[in-house]
Each structure stands twice: as structure tokens, then as C-alpha cells.
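Chains as they are written, first to last, in the numbering used here: chain Z, 2 to 244; chain D, 11 to 519. Working notes for the structure below.
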Amino acid sequence: MLRSLLTATSLLLALPAAASFCPDQPATGSWGLSYQLDNNGQRSGTLEILRHGSDTALYNPDRQIGEWWVLADSKRPRFHRLFGEQQRRIDYTTGDLRALGVNVNIDSIESFAMAPLLSHLKAGDAVADCPAARHYSGEINGSHYEVNWHSALKLPLLLETRKAGQVRRWQANALINEPTVNQRFGQWLDFQPTDFADIGDMETDPFLAKLITQGFIEHAHPTAYNSDGTVISSEGDHAGHGH
Amino acid sequence: MNRTSQILTVLAKAVASALLASAAQAAVLPAHQTSSSWYTSAASDISAKAMTTPRTGTAKNVILFVGDGMGVSTLTAARIYQGQKKAGNQGGEENRLSFETFPYSALSKTYSVNQQTPDSAPTMTAMVTGVKTEDGMISVSADSIRANCESSKGNELVSALELAEAKGKATGVISTARVTHATPAATYAKSPERNWEADSNLTAEAKANGCHDIAYQLVMTPPGDGLEVALGGGRSYFLPNTTTDGEGTKGRRKDDMDLTSQWTTRFTNAAYVWNAEQFAAVDVATTDHLLGLFEGSHMQYEADRADDLGGEPSLAEMTSKALDLLAKNQNGYFLMVEAGRIDHAHHAGNAVRALADTVALSDAVAAAVAKVNLDETLIIVTADHSHVFTIAGYPARGNPILGLVHDPDDTEIRPTPSLAADGLPYTTLGYTNGPGAKNGPRADLSVIDTAGLDFMQQAQVPLGSETHAGEDVAIYAIGPGAHLFQGSVEQHQIFHVINQAGDLGGTKY
Numbered sequence: 002m003l004r005s006l007l008t009a010t011s012l013l014l015a016l017p018a019a020a021s022f023c024p025d026q027p028a029t030g031s032w033g034l035s036y037q038l039d040n041n042g043q044r045s046g047t048l049e050i051l052r053h054g055s056d057t058a059l060y061n062p063d064r065q066i067g068e069w070w071v072l073a074d075s076k077r078p079r080f081h082r083l084f085g086e087q088q089r090r091i092d093y094t095t096g097d098l099r100a101l102g103v104n105v106n107i108d109s110i111e112s113f114a115m116a117p118l119l120s121h122l123k124a125g126d127a128v129a130d131c132p133a134a135r136h137y138s139g140e141i142n143g144s145h146y147e148v149n150w151h152s153a154l155k156l157p158l159l160l161e162t163r164k165a166g167q168v169r170r171w172q173a174n175a176l177i178n179e180p181t182v183n184q185r186f187g188q189w190l191d192f193q194p195t196d197f198a199d200i201g202d203m204e205t206d207p208f209l210a211k212l213i214t215q216g217f218i219e220h221a222h223p224t225a226y227n228s229d230g231t232v233i234s235s236e237g238d239h240a241g242h243g244h
Numbered sequence: 011m012n013r014t015s016q017i018l019t020v021l022a023k024a025v026a027s028a029l030l031a032s033a034a035q036a037a038v039l040p041a042h043q044t045s046s047s048w049y050t051s052a053a054s055d056i057s058a059k060a061m062t063t064p065r066t067g068t069a070k071n072v073i074l075f076v077g078d079g080m081g082v083s084t085l086t087a088a089r090i091y092q093g094q095k096k097a098g099n100q101g102g103e104e105n106r107l108s109f110e111t112f113p114y115s116a117l118s119k120t121y122s123v124n125q126q127t128p129d130s131a132p133t134m135t136a137m138v139t140g141v142k143t144e145d146g147m148i149s150v151s152a153d154s155i156r157a158n159c160e161s162s163k164g165n166e167l168v169s170a171l172e173l174a175e176a177k178g179k180a181t182g183v184i185s186t187a188r189v190t191h192a193t194p195a196a197t198y199a200k201s202p203e204r205n206w207e208a209d210s211n212l213t214a215e216a217k218a219n220g221c222h223d224i225a226y227q228l229v230m231t232p233p234g235d236g237l238e239v240a241l242g243g244g245r246s247y248f249l250p251n252t253t254t255d256g257e258g259t260k261g262r263r264k265d266d267m268d269l270t271s272q273w274t275t276r277f278t279n280a281a282y283v284w285n286a287e288q289f290a291a292v293d294v295a296t297t298d299h300l301l302g303l304f305e306g307s308h309m310q311y312e313a314d315r316a317d318d319l320g321g322e323p324s325l326a327e328m329t330s331k332a333l334d335l336l337a338k339n340q341n342g343y344f345l346m347v348e349a350g351r352i353d354h355a356h357h358a359g360n361a362v363r364a365l366a367d368t369v370a371l372s373d374a375v376a377a378a379v380a381k382v383n384l385d386e387t388l389i390i391v392t393a394d395h396s397h398v399f400t401i402a403g404y405p406a407r408g409n410p411i412l413g414l415v416h417d418p419d420d421t422e423i424r425p426t427p428s429l430a431a432d433g434l435p436y437t438t439l440g441y442t443n444g445p446g447a448k449n450g451p452r453a454d455l456s457v458i459d460t461a462g463l464d465f466m467q468q469a470q471v472p473l474g475s476e477t478h479a480g481e482d483v484a485i486y487a488i489g490p491g492a493h494l495f496q497g498s499v500e501q502h503q504i505f506h507v508i509n510q511a512g513d514l515g516g517t518k519y
């Protein structure tokens, strides 16, 4: 279970290889990690990654928006966008994802796009006070990465990127338990669903019209939300632009 | 004058006309003109056209094909797309989709009562009831208020399918979208809101005032003795939300009704199938009412169909089996067939899937033509509305329709692509708006496979979903009454042609 170690943010900034939080491998198939997001040392939001069997969801509890991947059949992935405030859900079939040119990389989805990048970083030692995690660092596409990678969870406990003076940090700080995860997924199942394919014919629905004109339902490779709650692009661009 | 003498008279006139024309041409046109293959092939086509006589009898059977969102640019691109796949093609542009050889055509004005650019609900309502209505409404008049059940009471419109049922004909609907989607729904259901496809979509007002969802209407309160054929997607709208179907999709119904089992118990000799294997095994000789729901929601795009978990029949296969079943009725039949996913691929800004689905519709029409007697069957092929889909630039003849624009270089295709003012190449196919637009500079397409199945065409105006377009769409027709489609027509005139040609009794002409 949870082993809370260091909590001082200032210390973390000074020592990126040190752990503040070191969870054990959960015994259940439903669990999650909560991350605190910081931009240049200022707290900017919270993000959760939730596992529910073969499903993975990325959820921003502050804005109640999320992305839910159904990956039981790896050849036929499905995807949902979640809008908690409106209790609405947009469902994407495999065909929709293909038509939108979304290249589904399960390793990427399940790891904040980090797993495919690790081979491009230099592996360091085990993280102090968290032997289950190893430190990685290096440059990718002009961004400097500092990562504490938990090999059992296959997730970063710490992800820090630096580019053009911008420092972004994702720090795991809590394990989300099974009842909470199950409650989240159960709640999303009850959201009012709309097929992505139908959105073009539903421009009179105020909620969908807003999404269409804002371009929120776009063809970006959905991976995660940045600290502002907008989608960040996929691998190699954690410090990059939002779509 | 009997029919034989009528035909001989027409033939004589045509031959005389052709001879006169030929003599006149010989006097004024140079040999290199009249011997040109362009000239001779067109002259041959016109001679054949001059000998065509309208089929003025009654259409015992009517088949209405609808390509959802199949505008004229989609037809052009699809014919080239198909043509360039044919061995020995001359560039692909010379190809014709199956229905483009039909003898009669017209342009259809698609506006609805309240919108210049409509959606599928009022357009299909217009086609099957003869009355334009407002967007989002299914076979209720514009006196109704959208999504208000009470306002729709007394404003229901009668469709051609219902008239056919009243005449004792067999009826059917086929769609690669959900069978409860706007286009098929307009033939058999009444709803002031197209999205009321399952009971879980109904508002409290709708329930209180006795409106039923569209899936319910198809099975529980159908026209006449019930549709003989309903094939397409939308399975989850027929199943309770406590069940998960064979492809892992949860039902959407909150009323605990399983409408698939209702279908098999309410109708005689009824069958329900949900995958290709079951569909292939259906014996039409012993089946009188066939429900096939092959996906939880819409069926797969044609380009993805082979990869479906449960297996899906093609639109041509569904059309062919439906016709075998419907033809058992001696009074004739009315069948509506929709290629519903052309529209969806366009909305996603993915041209190739839209074109593949258009070719699938062409194949379905060809399957129907091969099976029916055109002396007693009226076939109409049209679209409900268009899309902002363009064929741009000055690509050379034979330039790949999904490729970058390459200008002609005398008889060759220039090897380097044409460049736009931003110094970048561009594709022949594109969209005025949609998800293919970017904020900022265009992507450099020179290193991208623009013919790839998942390529998204570039667009001008950024929108999350590409939109419908308001220009006219084409109508192609063959069979009794087809000659009534000429020139520019209002979309709701389609019903009146069906009604008159089929003698459905909706109006006396």
C-alpha cells in the first residue's frame, strides 16, 4: 500500500530523483494514481489515471472532464470523452478513431505516453526511498525529461519536462482505491451518450454545438489533459502545445 | 394504337432523326472530328437516348436508394475512385457508378422549412411524405415544435411506406446507419425529435403525452402488418440496459423491453439475426419478417467491414436478400435502402471512407437492377443533402483522386506536385470546414500518404465536425415513372413520383 515519504515540494524541485510517494502494486484490477500538476513551481491542477480491468481513463477532477479508453480488444479500441458537469459522454467506435486518423498506442495511453519514450532516456539508479522506481533523464525533441518510473505500475511517479524556460511537473501523490475507481466508471456509464458519428447531425444541441465550434472534438491523438484541462498531444510532446 | 405499333413508330422516328443528323454532320464536320472516339461514343449514346421511351405503366415495386450526404462532388470523386481501381482504366474519369447510367435524372432542392442547409430528418420526411418540415423532425409537419410531443399530435404525416402497407405490399428498410436513424425512421415512425431513438432518449414531456421512441414504433406500432425487412445497425436501441450483446455493447433501453424478442413473437415467421453468419443462413422462403441488427450503433464503414468482430453483410448483400424476401408478396413492395455512413465519414473529414461507402451503394443498386423487372419496378437513387466536399485544383487526367494535385505536362502527369501560395502541395479532395483545418500553417503533405485509409483531408474553417452543404443533390431514376424526374425539382416531389408511379393512393393524378 501507500508509503508516503517526502512531501516537501521544494525538496522535490531540488532533488527530482527523490520520491515523495511510493505505492505498492495494487492487489486489485481497479486502482488509480492522482497527480499534482505544476507549471514553473505554481500548482495548476490535478489529474488522475484510472485503471479498471483493461480500461484506462484520464480524468481531471477539477474540471470534471476525462478520456476513457476501452482496450479489451486491442485491435478494436473504443474511446469516450467525458463531461461531468453536463453528465454527457461522447462515444468513439474503432471506425470513428480510424476515420479521425487516431493511431492508438496502448502503451502510450496507459503511461501518459511515457513508456515508449523511456528507451530514448538514460536510465539512472533506483529512486531514493522507492526502490520500485528508477530514475530516467535526457532530451527528446528539445525537451529535457526527468522521470521517476515505477516499473510495476508502468507509470511515472514523477514527470518533469523543461523546455524554453518552462518547467512542468507531474507528481503522483496518492493511490486511488478500488471503490473510488468503480464509482467513477459507474458514474460515467450513466452519462448521456452521444455517438461521435452523430455529432455532425446534432448541431442544434447546445452542448454539442459548443464542442463543434470550439473544435474540442478534434482529431488530436488523445493522451491526457494538461494543467489547464486541455488535451496535450502524444508522445514526445509533453511540453508541447494543447490542441 | 397497340404497344407494338407505338414502339415501331418511335423507333422509326429515332432512326430517321439519327440519319438526318448524320447527313447534316457529314456536310459540315471534318472527318477527324466525326471519327474521334469522343465524337462517336457520344453520338452512340445520344442515338440510344433518342430511342428511349418512358415506362408509363404502374410501378408494382419501388426501391428508393438514399446516399446520406452523397452530394454531386461525392459522386464525381467516387466514380473516379472506383474507376481508377479498374484494370485498363483510362484515368478513371470515364467510369460511371451503376446508377449514373439510369435514363432519367434531376436536381433536387434540399432546403427544409427552417434551414437553407438541412439535416436528414426533414429531407427524408420530404422524400417519403411529400411535405417539407423542420430540421430534426421525423414525418411530422412543421406545425409541430421540435422535441415537443404534444405539439406533434395531429401533425403526423403519412409516408409512402405506410401507403404501400395499406395497399397490401411488402415493405422494408435497410441502412448502414442505425435503423432508427433519421433516414430510415422517416419511412415508418413519427417523432418531433430525431434523437428519440430509444426510450432512454425520451423527455418526461414526451412520455407523459404518449410519444414512443423510434425503435419501439418499428416493432410495437408498425405500419400495416409490420415491415417485412429491417436491416442495419442500432441493436443497443432495441435491448434493455441490463444486457450486453454479442459484441460487448450494452443495451440502452430503460423500459426493460427486448424489442428483438418482441419482433420474433409479434410477427409470424419472423427472424432476428445480428451477424453475417446468421444473416447468410436466413431462408427467405420460410421467413416473412426479418430483423437484422449488426451493430450496437451504426454499422461499420465499408472500408472497415471485414474487420468487424461479429461480421456484417454488405449493403449489396442486404439489398439482395431483402428483395428476395419482399418479392414473395404478389402485390409488390416498397424498399428504402440507405448508405448511411457516407455522411459520417464526411463529418470526420475522411474522404476515402465516404467514397468507399458510395461505391458500396453503387454495388447495392447494381444488385437490385440485376434482380428486378424494370418494367414493373421504379428505382430511384438520390441523396438527402450534400457536404462541403470539394474537388479542387487542376490535376492531370488520371491523377490519383486521393493524391496531391499534379498538373498535366502535355500527355504526362507532371512528377512534382503543384504548390499553393504557401509553397506547399495540396490534395485534390478537401473540405471547406471540419476537423482537417488547423490553426496556423498547413501541414506539408509531401511526406504524407494522402491516399491512406486514415488520412484526413485538409479544410479551411476549423470545426470539430465537417458540415452539410446546401447545394442541390442529384436524383437518378429508372423504371415506370422515372421520366417524371427532369430538370430542377423540389425534394418533396420525390414522394409524388413514387405515389403516382406506384399508384399508392395518396393522391389522384
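Virtual Cβ for every residue (Gly too), placed ideally from N, Cα, C.
Z/Ile-213 at chain D interface by Cβ criterion, 9 Å: The residue labelled residue 213 of chain Z in the question sits at position 212 within the first sequence. So, interface residue.
Outcome for D/Asp-367 when other beta-carbon atoms lying within 10 angstroms are tallied against a minimum of 16: Here residue 367 of chain D refers to the residue found at position 357 of the second sequence. D/Asp-367 is buried by the Cβ-count criterion.
Proximal residues to D/Thr-50 (C-beta, below 6 Å), its chain only, five neighbours per side dropped: Indexing the second sequence from 1 puts residue 50 of chain D at position 40. Once the five neighbours on either side are set aside, D/Thr-50 has no close Cβ partner at all.
Neighbourhood of D/Thr-253 by C-beta distance below 6 Å, restricted to the same chain and skipping five residues each side: As a working note, residue 253 of chain D is residue 243 in the second sequence. Only Gly-261 meet the Cβ criterion.
Contacting residues, own chain, Cβ-Cβ under 7 Å from D/Asp-153 (five flanking each side not counted): Taking the first residue of the second sequence as position 1, residue 153 of chain D is located at position 143. Excluding residues within five positions, the ones whose Cβ falls inside 7 Å are Asn-165.
Pairwise C-alpha distance: D/Thr-426 and Z/Gln-167: Within the first sequence, the letter at position 166 stands for residue 167 of chain Z. Within the second sequence, the letter at position 416 stands for residue 426 of chain D. Going by the C-alpha atoms only, they are around 41 Å apart.
Given 8 Å, three or more beta-carbon pairs between the region 85–97 of chain Z and the region 304–318 of chain D: yes
Short CB-CB distance (under 9 Å) between D/Tyr-247 and chain Z: Here residue 247 of chain D corresponds to residue number 237 of the second sequence, with the count starting at 1. No, no contact with chain Z.
Inside the region 62–103 of chain Z only - alpha helix (DSSP H) runs reaching at least 4 residues: List check, alpha helix (DSSP H) in window: 95–100.
Alpha-carbon to alpha-carbon, Z/Ala-133 and D/His-357: Translated into positions along the second sequence, residue 357 of chain D becomes position 347. Translated into positions along the first sequence, residue 133 of chain Z becomes position 132. Rounded to whole angstroms, D/His-357 to Z/Ala-133 spans 47 Å at the Cα level.
Nearest to D/Lys-381 (by Cα), restricted to the options D/Ala-337, D/Pro-128, D/Ala-447 and D/Tyr-198: For the purposes of this step, residue 381 of chain D is taken as the residue at position 371 of the second sequence. Comparing Cα-Cα distances from D/Lys-381 to each of D/Ala-337, D/Pro-128, D/Ala-447 and D/Tyr-198, the minimum goes to D/Ala-337.
Cutoff 8 Å; reference D/Gly-359; Cβ partners in own chain excluding five residues on either side: Position 349 of the second sequence, counting from 1, holds the residue named residue 359 of chain D. Closer than 8 Å at the Cβ level, and outside the excluded window around D/Gly-359, lie Tyr-441, Gly-444, Pro-445, Gly-446, Met-466, Gln-467, Ala-469 and Glu-476.
Alpha-carbon to alpha-carbon, Z/Leu-119 and Z/Tyr-146: Position 145 of the first sequence holds residue 146 of chain Z. Position 118 of the first sequence holds residue 119 of chain Z. Rounded to whole angstroms, Z/Tyr-146 to Z/Leu-119 spans 10 Å at the Cα level.
Chain-order list of residues whose beta-carbon lies under 7 Å from that of D/Arg-156 (same chain, five-residue window excluded): Position 146 of the second sequence, counted from the start, is the residue given in the question as residue 156 of chain D. Cβ within range, chain order: Glu-144, Gly-146, Met-147, Pro-202 and Glu-203.
Minimum Cβ-Cβ distance from Z/Phe-197 to chain D less than 9 Å: Here the question's residue 197 of chain Z lines up with position 196 in the first sequence. Closer than 9 Å: yes.
Short CB-CB distance (under 9 Å) between Z/Glu-68 and chain D: For the purposes of this step, residue 68 of chain Z is taken as the residue at position 67 of the first sequence. Judged by the 9 Å Cβ criterion, Z/Glu-68 is not in contact with chain D.
Stretch pair the region 109–119 of chain Z + the region 321–333 of chain D: three plus CB contacts closer than 8 Å: Taking a contact to require three or more Cβ pairs closer than 8 Å, the region 109–119 of chain Z and the region 321–333 of chain D do not qualify as touching.
Chain-ordered neighbours of D/Gln-310 on chain Z, where CB pairs are closer than 7 Å: Residue mapping note: residue 310 of chain D aligns to position 300 of the second sequence, counting from 1. Result: Gly-96.
Whether D/Arg-65 touches D/Leu-319 by CB criterion (9 Å): Position 55 of the second sequence, counted from the first residue, corresponds to residue 65 of chain D. Position 309 of the second sequence, counted from the first residue, corresponds to residue 319 of chain D. No, they are not a contact pair.
Check whether D/Val-183 and D/Leu-388 have beta carbons under 9 Å apart: Sequence index remark: in the second sequence, residue 183 of chain D carries index 173 (1-based). Sequence index remark: in the second sequence, residue 388 of chain D carries index 378 (1-based). No, the Cβ-Cβ distance between D/Val-183 and D/Leu-388 is not below 9 Å.
According to DSSP, residues forming a beta bridge with D/Gly-497: By one-based count along the second sequence, residue 497 of chain D stands at place 487. Answer is D/Ala-116.
Interface residues of chain D facing Z/Arg-185 [CB-CB closer than 9 Å]: Walking along the first sequence from the start, residue 185 of chain Z turns up at place 184. Within chain D, no residue comes near Z/Arg-185; the closest Cβ sits about 17 Å away, beyond 9 Å.
Exposure label - D/Arg-106; buried when at least 16 CB within 10 Å: For the purposes of this step, residue 106 of chain D is identified with residue 96 of the second sequence, where counting begins at 1. The residue is exposed, with fewer than 16 neighbouring Cβ atoms inside 10 Å.
Short CB-CB distance (under 9 Å) between Z/Asn-178 and chain D: Along the first sequence, read from residue 1 onward, the residue named residue 178 of chain Z stands at position 177. No - not a single Cβ of chain D is within 9 Å of the one on Z/Asn-178.
Chain-ordered chain Z contacts of D/Glu-476 [CB-CB under 9 Å]: Sequence index remark: in the second sequence, residue 476 of chain D carries index 466 (1-based). What D/Glu-476 touches in chain Z: Gly-201.
D/Asp-55 versus D/Phe-109 - alpha carbon distance: Position 45 of the second sequence, counting from 1, holds the residue named residue 55 of chain D. Position 99 of the second sequence, counting from 1, holds the residue named residue 109 of chain D. C-alpha separation (whole angstroms): 16 Å.
Span separating the alpha-carbon of Z/Asn-142 from that of Z/Lys-123: Indexing the first sequence from 1 puts residue 142 of chain Z at position 141. Indexing the first sequence from 1 puts residue 123 of chain Z at position 122. Z/Asn-142 and Z/Lys-123 have their alpha carbons spaced roughly 15 Å apart.
Cut-off 6 Å between Cβ atoms - residues of its own chain near D/Tyr-247, not counting five sequence neighbours on either side: Here residue 247 of chain D corresponds to residue number 237 of the second sequence, with the count starting at 1. Excluding positions up to five away in sequence, the list reads Thr-190, Glu-207, Ala-208, Ala-225 and Arg-262.
D/Val-347 beta carbon less than 9 Å from that of D/Val-82: Working through the second sequence from its first residue, we reach residue 82 of chain D at position 72. Working through the second sequence from its first residue, we reach residue 347 of chain D at position 337. No, they are not a contact pair.
Same chain, Cβ closer than 7 Å to D/His-493, five either side skipped, listed in chain order: By one-based count along the second sequence, residue 493 of chain D stands at place 483. Result list for D/His-493: Pro-64 and Tyr-114, in chain order.
Residues sharing a beta bridge with Z/Cys-131, DSSP: Here residue 131 of chain Z refers to the residue found at position 130 of the first sequence. Z/Cys-131 is bridged to Z/Val-128.
Residue ranges of each beta strand (DSSP E) within the region 107–154 of chain D, 3 or longer: 114–119
Chain Z residues whose Cβ lies nearer than 8 Å to that of D/Leu-319: In the second sequence, the residue the question calls residue 319 of chain D occupies position 309. Asp-74 and Arg-77, listed in chain order.
Proximity of D/Val-391 and D/Tyr-486 at Cβ, strictly below 9 Å: The residue given as residue 391 of chain D occupies position 381 in the second sequence. The residue given as residue 486 of chain D occupies position 476 in the second sequence. Closer than 9 Å, so yes.
Contact residues within the region 405–430 of chain D, judged by C-beta distance below 9 Å to chain Z: none
When D/Ile-458, D/His-354 and D/Asp-459 are compared against Z/Phe-197, the one with the closest alpha-carbon: If you number the first sequence from 1, residue 197 of chain Z lands on position 196. The residue with the shortest Cα to Cα distance from Z/Phe-197 is D/His-354.
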